[in-house]
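S.K.: Here's a structure for you.
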Amino acid sequence: MKRALITGITGQDGRHLSQFLANKGYQVFGLVHGQANPKIDLVQSENPALELLEGDLRDLSSLIAVVEQVQPDEVYNLGAISFVQLSFKQAELTAEITGLGVLRMLEAVRIVGGTDTNPIRFYQASSSEMFGKVHQTPQTEATSFHPRSPYGVAKVFGHYTTLNYREAYGIHASSGILFNHEGPKRGLEFVTRKVTNSVARIQLGLQEVITMGNIESSRDWGYAGDYVEAMWMMLQQEEPDDYVIATGETHTIRDLLDVSFKHAGIDDWTPYVKQDQRFYRPAEVDLLIGDASKAHSRLGWKPRVSFNELVRMMYEHDLAEESAKAGL
Ligand code: GDP
64 MKRALITGIT GQDGRHLSQF LANKGYQVFG LVHGQANPKI DLVQSENPAL ELLEGDLRDL
124 SSLIAVVEQV QPDEVYNLGA ISFVQLSFKQ AELTAEITGL GVLRMLEAVR IVGGTDTNPI
184 RFYQASSSEM FGKVHQTPQT EATSFHPRSP YGVAKVFGHY TTLNYREAYG IHASSGILFN
244 HEGPKRGLEF VTRKVTNSVA RIQLGLQEVI TMGNIESSRD WGYAGDYVEA MWMMLQQEEP
304 DDYVIATGET HTIRDLLDVS FKHAGIDDWT PYVKQDQRFY RPAEVDLLIG DASKAHSRLG
364 WKPRVSFNEL VRMMYEHDLA EESAKAGL
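Using the working numbering, you'd call the opening residue of the sequence shown number 64 and step up by one each time.
Now the structure itself:
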């Protein structure tokens, strides 16, 4: 039985990956810091065989102890402060966890190492936010970075650290440059889930308006369930490498509002949407669109869920959840 250790196990991707690997017959271990995380019961119910271990991305010795105890075949480093807006307010903490956390996890993998015949393989969750003020469209593995937030800057550090450990120590360390990926497990602070949840609540008469920030920026949105498969595929390759994972389609937040309100049978959504400076960012990433040709040709990976299907899936989930909560 293969063993996988996941950091960020209670986040959207950790939850998807935990179930994906369990279905593949893996024994899955998750890193949690402290027992106070309100999502612990949820992740445990989604994957009853999951084993949770205490450790912190700020504490190298705790990571070494966990890697030593688990003796994983594969480590997936998904743990991060991942909300861009928050990273502006807690820049140092973001650098500490999203950036230095990668170095510490790689150090733990280097020090514990695994066996000569079965060295530990490592996956780093890099991000399209590293492209920021894009230098090229669409963005590929060769496009240079120009991050626009403390989160993006920390991810660039993590990306190059992964590359450096691969080159310096020969670690099987791969970096997935994942474009935005969403789904019903997404946190309500992210724009997709904020919109689908609010539209569902408006439809049910539970909310009157949505207050948004900049609705002109564009993102390449895919489904998180499709994207965790790409993470696993990267670690099954003979050689470690970097891969862009994206749909190759981009949509504005305005499109997202259009499609979401259409599902609720509302064509003119202007009366329901307000804008407020507090949701704008000090520096914005205006346009992201990824070219995942390398992942298509080398990994055989392709996204399955389209933008429309993704929004429908999220809206329908939110409609059912919100009406159950309200006892409707
Ligand atoms: P990000 O790409 O990781 O920053 O993902 P988000 O879902 O947080 O934001 C995507 C885009 O939506 C950014 O360009 C935001 O500026 C824009 N946006 C507009 N209004 C909102 C809002 O109310 N909340 C969030 N989270 N983003 C918003």
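By construction, the Cβ of each residue, glycine as well, lies at the ideal position given by its N, Cα and C atoms.
These figures come from a predicted structure and were not determined experimentally.
(1) Between which two residues does the beta strand (DSSP E) harbouring residue 384 extend?
(2) Output the distance between the C-alpha atoms of residue 386 and residue 73, rounded to the nearest integer angstrom.
(3) Run through DSSP, which three-state label would residue 162 get?
(4) Is there at least one non-hydrogen atom of the ligand GDP closer than 7 Å to the beta-carbon of residue 90?
(5) Relative to the C-alpha of residue 211, which residue among 322, 236, 379, 148 is closest?
(6) Say the cut is 7 Å; is the CB of residue 220 nearer than that to a heavy atom of the ligand GDP?
(7) Taking its Cβ as the centre, do 16 or more other Cβ atoms sit within 10 Å of residue 310, making it buried, or is it exposed?
(8) Is the separation between the beta-carbon of residue 91 and that of residue 81 shorter than 8 Å?
(9) To which residues of the same chain is residue 354 closer than 8 Å at the C-beta, ignoring the five residues directly before and after it?
(10) Please confirm whether any heavy atom of the ligand GDP lies closer than 7 Å to the CB of residue 337.
(11) Residue 235 lies in the beta strand (DSSP E); which residues open and close that run?
(12) Can the beta-carbon of residue 115 be found less than 8 Å from the beta-carbon of residue 186?
(13) With H, G and I counted as helix, E and B as strand and the rest as coil, what does DSSP make of residue 66?
(14) Beta-carbon within less than 7 Å of residue 83's beta-carbon, same chain only, minus the 5 sequence neighbours each way: which residues are those?
(15) Under 7 Å from any heavy atom of the ligand GTP, does the C-beta of residue 248 make it?
(16) Tell me, please, whether the stretch 373-388 touches the stretch 249-264 by the rule of three or more beta-carbon pairs shorter than 8 Å.
(17) For residue 352, which option in 322, 377, 315, 364 has the closest C-alpha, if you only look at C-alpha atoms?
(18) What do you reckon, are the CB atoms on residue 190 and residue 152 nearer than 8 Å?
(19) On the CB-based measure, 16 or more other CB atoms within 10 Å of its CB, does residue 231 come out buried or exposed?
(20) Are the beta-carbon atoms of residue 320 and residue 258 separated by less than 8 Å?
(21) How far does the alpha helix (DSSP H) with residue 83 in it reach, from first residue to last?
(22) Any contact of the stretch 97-108 with the stretch 132-149, i.e. 3+ C-beta pairs under 8 Å?
(23) Count the C-beta pairs between the stretch 330-350 and the stretch 279-286 that are closer than 8 Å, then say yes if the count reaches three, no if not.
(24) So the candidates are 209, 184, 221; which of them puts its Cα closest to the Cα of residue 196?
(25) Below 8 Å on the Cβ atoms is my contact criterion, and I expect residue 192 with residue 214 to pass it. Report the Cβ-Cβ distance as a whole number of Å.
(26) Can you give the beta carbon distance from residue 225 to residue 165, rounded, assuming they're within the 8 Å contact cut?
(27) In angstroms, rounded to a whole number, what distance separates the CA positions of residue 288 and residue 99?
(28) Tell me whether the beta-carbon of residue 172 lies closer than 8 Å to the beta-carbon of residue 138.
(29) If I measure Cβ to Cβ from residue 183 and keep anything under 8 Å in the same chain, skipping five residues before and after, which residues do I get?
(30) Output the distance between the C-alpha atoms of residue 117 and residue 206, rounded to the nearest integer angstrom.
M.R.: In short:
(1) The residue given as residue 384 occupies position 321 in the sequence shown. Where residue 384 is concerned, there is no enclosing beta strand (DSSP E), although the alpha helix (DSSP H) it sits in stretches over 370-388.
(2) In the sequence shown, the residue the question calls residue 386 occupies position 323. In the sequence shown, the residue the question calls residue 73 occupies position 10. So the alpha carbons of these two residues sit roughly 25 Å apart.
(3) What you label residue 162 is simply residue 99 of the sequence shown in a count that begins at 1. Reduced to three states, the DSSP call for residue 162 is helix.
(4) In the sequence shown, the residue the question calls residue 90 occupies position 27. Outside the cutoff, so no.
(5) Numbered from 1 along the sequence shown, position 148 holds the residue referred to as residue 211. Among 322, 236, 379, 148, the Cα nearest to that of residue 211 belongs to 148.
(6) Along the sequence shown, read from residue 1 onward, the residue named residue 220 stands at position 157. Not so, every heavy atom of the ligand GDP lies at least 7 Å from the Cβ.
(7) For this step, residue 310 is matched to residue 247 along the sequence shown. Label assigned to residue 310: buried.
(8) Indexing the sequence shown from 1 puts residue 91 at position 28. Indexing the sequence shown from 1 puts residue 81 at position 18. Their beta carbons are under 8 Å apart, which means residue 91 touches residue 81 by this criterion.
(9) Along the sequence shown, read from residue 1 onward, the residue named residue 354 stands at position 291. So the list reads 201, 202, 203, 307, 309, 311, once near-sequence residues are dropped.
(10) For the purposes of this step, residue 337 is taken as residue 274 along the sequence shown, with counting starting at 1. For the ligand GDP, not one heavy atom lies less than 7 Å from the Cβ of residue 337.
(11) Position 172 of the sequence shown holds residue 235. Run containing residue 235: 235-241, per the beta strand (DSSP E) assignment.
(12) Locating residue 115 in the sequence shown gives position 52, where the first residue counts as 1. Locating residue 186 in the sequence shown gives position 123, where the first residue counts as 1. Not closer than 8 Å, so no.
(13) Position 3 of the sequence shown, counting from 1, holds the residue named residue 66. Three-state DSSP puts residue 66 in a strand.
(14) Within the sequence shown, the letter at position 20 stands for residue 83. Once the five neighbours on either side are set aside, the close Cβ partners of residue 83 are 291, 292, 295.
(15) Within the structure as shown, the ligand GTP is missing, the only ligands being the ligand GDP.
(16) yes
(17) Counting from one through the sequence shown, the residue named residue 352 turns up at place 289. The shortest Cα separation from residue 352 among 322, 377, 315, 364 belongs to 315.
(18) On the sequence shown, residue 190 is found 127 positions in, with the first residue counted as 1. On the sequence shown, residue 152 is found 89 positions in, with the first residue counted as 1. No, the Cβ-Cβ distance between residue 190 and residue 152 is not below 8 Å.
(19) Reading the sequence shown from its first residue, position 168 is the one you call residue 231. With fewer than 16 other Cβ atoms within 10 Å, it is exposed.
(20) Position 257 of the sequence shown, counted from the start, is the residue given in the question as residue 320. Position 195 of the sequence shown, counted from the start, is the residue given in the question as residue 258. Cβ distance < 8 Å, so residue 320 and residue 258 count as in contact.
(21) On the sequence shown, residue 83 is found 20 positions in, with the first residue counted as 1. It spans 75-86 - the alpha helix (DSSP H) in which residue 83 sits, taken as one unbroken run.
(22) no
(23) yes
(24) Position 133 of the sequence shown, counting from 1, holds the residue named residue 196. When only C-alpha atoms are compared, the closest one is 209.
(25) What you label residue 192 is simply residue 129 of the sequence shown in a count that begins at 1. What you label residue 214 is simply residue 151 of the sequence shown in a count that begins at 1. Residue 192 to residue 214, Cβ: 6 Å. Contact.
(26) One-based indexing of the sequence shown puts residue 225 at position 162. One-based indexing of the sequence shown puts residue 165 at position 102. That pair is a contact at about 7 Å.
(27) Counting from 1 along the sequence shown, the entry for residue 288 is found at position 225. Counting from 1 along the sequence shown, the entry for residue 99 is found at position 36. Near 26 Å, if we compare the C-alpha coordinates of residue 99 and residue 288.
(28) Along the sequence shown, one-based indexing puts residue 172 at 109. Along the sequence shown, one-based indexing puts residue 138 at 75. The answer is yes: Cβ separation under 8 Å.
(29) The count along the sequence shown starts at 1 and reaches residue 183 at position 120. Taken in chain order, the residues that qualify are 130, 135, 136, 137, 138, 172, 175, 176, 177, 234, 235.
(30) For the purposes of this step, residue 117 is taken as residue 54 along the sequence shown, with counting starting at 1. For the purposes of this step, residue 206 is taken as residue 143 along the sequence shown, with counting starting at 1. Roughly 37 Å separates the two Cα atoms.
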